[in-house]
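Engineer: Remember, the working numbering sits 2 above the position in the sequence shown when you count from 1.
One structure, pasted below without further comment.
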Amino acid sequence: MKMLPFAVLHPTPLRGIRPAGWTQDFLERQANGLTGNVEVSGYPYGYKFWGTQQGDTKGSIAAWWPYEQTAYWIDGALKCGYLAGDAGLYQKALEEVDFAVEHAAVDGFIGPDSLREKDRWPHAVFFRAVLAQYEITGDRRYLEALIRHYRSSPHPMGWDRDVTGVEILLYLYQESGEADLLAMAEDLYERFNKQWPRHDSAVGTMLSEKKQTEHGVTFNEIAKLAAMMYCAAGKKRYLEAVVHGYEKLERNAMLADGLHSCSEHIKGKTARDMHETCDITDHTWALAYLLQATGEARYADRIEQVIFNALPGSITKDFRALQYLSCPNQVVVTGTSNHNLFMRGMNWMSYRPDHEVQCCPGNLHRAMPNFLSKMWMRTADGGVAAALYAPGSLKISLGEAETPVTITANTRYPYQQSVEFAVEPAQPVTFTFSLRIPGWCGGASLSVNGQPVQAALTPGSFHPLRREWQAGDVVRLELPFELALQRWPSDGVSLTYGPLTLALPIKAKAEIDALDTTTLQQKMALAENYQPRPVVKKPDFPGWDLYPESSWNYALCVDEAGLKDLKVDWNDACVDPLDAANPALKVRVKARRVKGWRIVHSHRILQSGHWTEKGQFRRGLRILQGDFKFTPPLPKRPRLADEVQEIELIPYGATLLRVTVFPQG
Ligand SMILES: [Zn+2]
């Protein structure tokens, strides 16, 4: 096994990983939904940017972003197709990987020449797909092609994201042991820190107390490199910086669904602060590197919270429409309902297959496949750790004799409070199997073949089980969930139950967006520079306007001491945990209506946006006229109705319209 010398944990190769149960179901929805029909997301999807040599701009206003966005899809589709067992989808993505690799320039450079001198960020995105194919097949030609690419020409540092080449260089170094690749990564990383010392992701800034305000994707993609550089070179300062950087993010910007705010810049932690869907993928991808560098379970806890809550909370449950910006409280989601200052009054919060800016419709495909790819980790002592819990299995070789072992996680977690692992070695073999005890779980218990393990299971740690494993061994981990109260600005409260955030689902009147608001917005943004391109519309992939049809303006009559009186109803008849009509569990909570807490209705709004005026593309603040309905902030001094009612909260991921952060009553 190869891992970077200072890493504590390292993910197992994709080829040994299989989904099952709800993770298999999720991937199949992807494959039948947007991942397998990506052309409905509009240009540049459906065009083979990496899979053709027809020139690199194809009429785009800038050359790099179609490469970034199509690479997101290729990476997600390749992994989704492989993991879901969808040979057609896998092949569709692989063709583009193979074309680009086989059509490298004479010196080894892969991709369009226009990206040689600047804009190497799309390469970092695309090469993740190439490395995934290497992990699936073990074919070193993919590795060698990327090494030749990096040796072909000096790596530019034209803008901050150019530094993301470090991620790929360190992977290549780890697999090949070639010292010049580490030297290139170190050089690139130093150049970034020297050129942008005040960047939120620079080592010095991460060590300081400065609050992050950086673009969310940019922050995660660059900040995590410090964790990787530590794993490769062992410089403690890098590790301290990235750990401190993410502690600040947690403190200043964490939202109730487990993901930090980024709209698109990191900002706030109120009930109406929101995040770009891209960051569901990028934050969890980054946290996995912190997990590898530190071995600390808290990063895995956080990855689960994002994937179990924020991810399904930002999509329709058939995986046919996504929000660009999603929010803990969203009581109206339409073509004009985005309440964030950035692009206020536009359709950026609506569930739709296409969005005006196309990063999220590409990046979304990667979230679940990447989660599965980090579920199992090799440990530095040659054992294996179950780092993230969900149904699925791992095939791996362990022990001195490299004995094949299959470990299957039989569970519906997080819709069940236990995980049972079946361990099946081909021969008896001794290794350490480490199990994560989540930080939120004070009452965990463990048994092997029915015998309780007599050891303290510390929340927020990995518990090692070292023994000679035999075919038929069963490890059972009980993870009793507990209700917890989280506090938010403006005296807001929310409830969590184990890894699940709870929310009030709001019944919605759903109307199809017949106006094609994304095209309208693109025309408004680009005016005479707008280039009409063939749009692929499929009737079963509409954009939606959702209006509330049930009451939502409640204050929760609960405090920390009252949590013990709340009853959780688990639903054994739940078939699909994302079905709000038949959810995995319900929690009944006393609540009172809040008088006057209603949708904000405006005709004149201030927006920070972009548009074209007199032929000039402009960015900044402007006033817009129209008819706008927005989710309101929490009331300053809630006026409560006398009547106490009971409302039912369900897992956040099953909701579309919702209230998650409530006033307290
Ligand atoms: Zn995005």
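A virtual CB, placed ideally from N, CA and C, is assigned to each residue, including glycine.
So if I measure from each beta-carbon to every heavy atom of ligand 1 and keep distances below 5 Å, which residues remain?
Structural biologist: That query returns the following residues: E278, C280, C361 and C362.
Engineer: If I'm right that R130 touches H157 with Cβ under 8 Å, what's the distance once you round it to whole angstroms?
Structural biologist: About 17 Å separates the two Cβ atoms, so there is no contact after all.
Engineer: Pick helix, strand or coil for G18, following the three-state DSSP scheme.
Structural biologist: The answer is helix: DSSP assigns G18 an H, G or I state.
Engineer: Given a cut-off of 7 Å on the beta-carbon distance, is the pair P430 and E470 in contact?
Structural biologist: Taking 7 Å as the Cβ cut-off, P430 and E470 qualify as a contacting pair.
Engineer: Out of T498, L172 and Y92, point me to the one whose CA is closest to Y232's CA.
Structural biologist: Ranking the options by Cα distance to Y232, first place goes to L172.
Engineer: So I607 is in the beta strand (DSSP E); what residue range does that whole segment cover?
Structural biologist: Note, I607: beta strand (DSSP E), V602 to E615.
Engineer: What do you get for H125, buried or exposed, if any count of 16 or more other CB atoms within 10 angstroms of its CB means buried?
Structural biologist: Its Cβ being crowded by 16 or more others within 10 Å, H125 is buried.
Engineer: Cutting at 6 Å between CB atoms, please list the residues of its own chain near S447, excluding the five before and the five after it.
Structural biologist: The residues are E480.
Engineer: Measure the Cβ-Cβ separation of Q294 and L11 and say whether it is below 7 Å.
Structural biologist: Yes, they are a contact pair.
Engineer: Please work out which residues of its chain come closer than 6 Å, Cβ to Cβ, to K213, disregarding the five sequence neighbours upstream and downstream, and give them in chain order.
Structural biologist: Hits under 6 Å: N254.
Engineer: How about A312 and R354: do their beta carbons lie closer than 7 Å?
Structural biologist: No. Outside cutoff.
Engineer: Please go through the same chain and pick out, in chain order, the residues whose beta-carbon is closer than 7 Å to the beta-carbon of A302, but skip the five residues on each side of it.
Structural biologist: So the list reads L293, A389, L390 and R438, once near-sequence residues are dropped.
Engineer: By the 10 Å Cβ neighbour count, where 16 or more other Cβ atoms means buried, how is D383 classified, buried or exposed?
Structural biologist: It is exposed - the Cβ of D383 has fewer than 16 other Cβ atoms within 10 Å.
Engineer: What three-state label does DSSP hand A643 in the structure shown?
Structural biologist: Of the three classes helix, strand and coil, the one that applies to A643 here is coil, per DSSP.
Engineer: Using the rule of at least 16 other Cβ atoms within 10 Å of the residue's Cβ for burial, across every protein chain shown, is E530 buried or exposed?
Structural biologist: Exposed, by the Cβ-count rule.
Engineer: Who are the near neighbours of V40 in its chain, counting only those whose CB is closer than 6 Å to its CB and skipping five residues on each side?
Structural biologist: These residues qualify, in order along the chain: Y47 and W75.
Engineer: Have a look at the DSSP bridge pairing and note the partners of S395.
Structural biologist: In the DSSP output, where bridge partners are listed per residue, S395 has R20 and T410.
Engineer: So the candidates are L623, S604, F51 and G78; which of them puts its Cα closest to the Cα of W613?
Structural biologist: Among L623, S604, F51 and G78, the Cα nearest to that of W613 is on L623.
Engineer: Shorter than 7 Å from the beta carbon of A131 to some beta carbon of chain C?
Structural biologist: The structure shown has no chain C; it contains just one protein chain.
Engineer: Let me know if I625 comes out buried or exposed under the rule of 16 or more other beta-carbons within 10 Å of its beta-carbon.
Structural biologist: Per the 10 Å Cβ criterion, exposed.
Engineer: Buried or exposed: which applies to S155, given that a residue is buried once 16 or more other Cβ atoms fall within 10 Å of its Cβ?
Structural biologist: Result: exposed.
Engineer: Going straight from the alpha carbon of F435 to that of A473, what length do you get?
Structural biologist: Taking the straight line from one Cα to the other gives about 14 Å.
Engineer: Locate the beta strand (DSSP E) running through P427, then write down its first and last residues.
Structural biologist: Taken as a continuous stretch (DSSP letters only), the beta strand (DSSP E) holding P427 covers S420 to P427.
Engineer: Output needed for L80: all residues of its chain with C-beta closer than 7 Å, excluding positions within five of it in sequence on either side, in chain order.
Structural biologist: Once the five neighbours on either side are set aside, the close Cβ partners of L80 are Y92, A95, L96, V99, A131, A134 and Q135.
Engineer: Assign Q456 to one of two classes, buried (16 or more other C-beta atoms within 10 Å of its C-beta) or exposed (fewer than that).
Structural biologist: Exposed.
Engineer: Would you kindly report the start and end of the unbroken beta strand (DSSP E) that includes L190?
Structural biologist: It is not in any beta strand (DSSP E) - L190 instead sits in the alpha helix (DSSP H) that spans A181 to Q197.
Engineer: Please return the same chain residues whose Cβ sits closer than 6 Å to the Cβ of W66, not counting the five positions on each side in sequence.
Structural biologist: Contacts found: D121 and P124.
Engineer: Starting from I508 and walking both ways along the beta strand (DSSP E), at which residues does that stretch end?
Structural biologist: It spans L502 to I508 - the beta strand (DSSP E) in which I508 sits, taken as one unbroken run.
Engineer: Just the C-alpha distance for V103 and L636, rounded to the nearest angstrom, thanks.
Structural biologist: Distance between the alpha carbons of V103 and L636: 52 Å.
Engineer: Can you list the alpha helix (DSSP H) stretches of 4 or more residues lying completely in the stretch 310-397, in chain order?
Structural biologist: As far as the stretch 310-397 is concerned, its whole alpha helix (DSSP H) runs of at least 4 residues are 361-365 and 369-375.
Engineer: Give the C-beta separation of G445 and P482 to the nearest angstrom, bearing in mind that I take them to be a contact with Cβ-Cβ under 8 Å.
Structural biologist: Right, the Cβ-Cβ distance comes to about 4 Å (below 8 Å), so this counts as a contact.
Engineer: Go ahead and label I514 buried or exposed: buried means 16 or more other beta carbons lie within 10 angstroms of its beta carbon, across all protein chains shown.
Structural biologist: Flag for I514 reads exposed.
Engineer: Taking Cβ to Cβ, would you say V591 is nearer than 7 Å to V560?
Structural biologist: Yes.
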